[in-house]
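>
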Amino acid sequence: MARGWESKSVADQIEEGEQRLPKRAPEPDRSPEGLLHLQQLESLKLSRSRTLDQLDRASSPVYRQMLEKALRTLEEQIEEVSHLLQEKG
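In short: position in the sequence shown from 1, add 120, done, that's my numbering.
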């Protein structure tokens, strides 16, 4: 009888521990198309980071305008790819 209560206690502890864990985000799409979108998103984010870095150091107004335009385009593309991933996920 003691073993039955001990097992119940362990099972309750496990259940309580699982309830305290934060909920996981849904698994990303592992299809070839989903992986391609993930790669595109990472590449776009990296490009955005580089563009922001260049924009911080740019002094020429013409170059700054070009970088700002590139940044807007990258952010639009990031939004599009993120939306595609959310639809699939």
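The beta carbon of each residue, even a glycine, is placed where N, CA and C say it ideally should be. This one's a predicted model, so the numbers in the text were calculated from it and none came from an experiment.
#1: Below 8 Å on the Cβ atoms is my contact criterion, and I expect residue 158 with residue 205 to pass it. Report the Cβ-Cβ distance as a whole number of Å.
#2: Taking all protein chains shown into account, do 16 or more other C-beta atoms lie within 10 angstroms of the C-beta of residue 201, making it buried, or fewer, making it exposed?
#3: Let me confirm a value: residue 166 is counted as buried when at least 16 other C-beta atoms fall within 10 Å, else exposed. Which label applies?
#4: Leaving out five residues on either side along the sequence, give the residues of the same chain with a beta carbon under 8 Å from the beta carbon of residue 191.
#5: Report the three-state DSSP secondary structure of residue 151 (helix, strand or coil).
In short, the structure shows the following:
#1: 7 Å
#2: buried
#3: exposed
#4: Spatial neighbours of residue 191 in its own chain (CB-CB distance under 8 Å, excluding positions within 5 residues in sequence) are listed in chain order as 168, 171, 172, 175.
#5: coil
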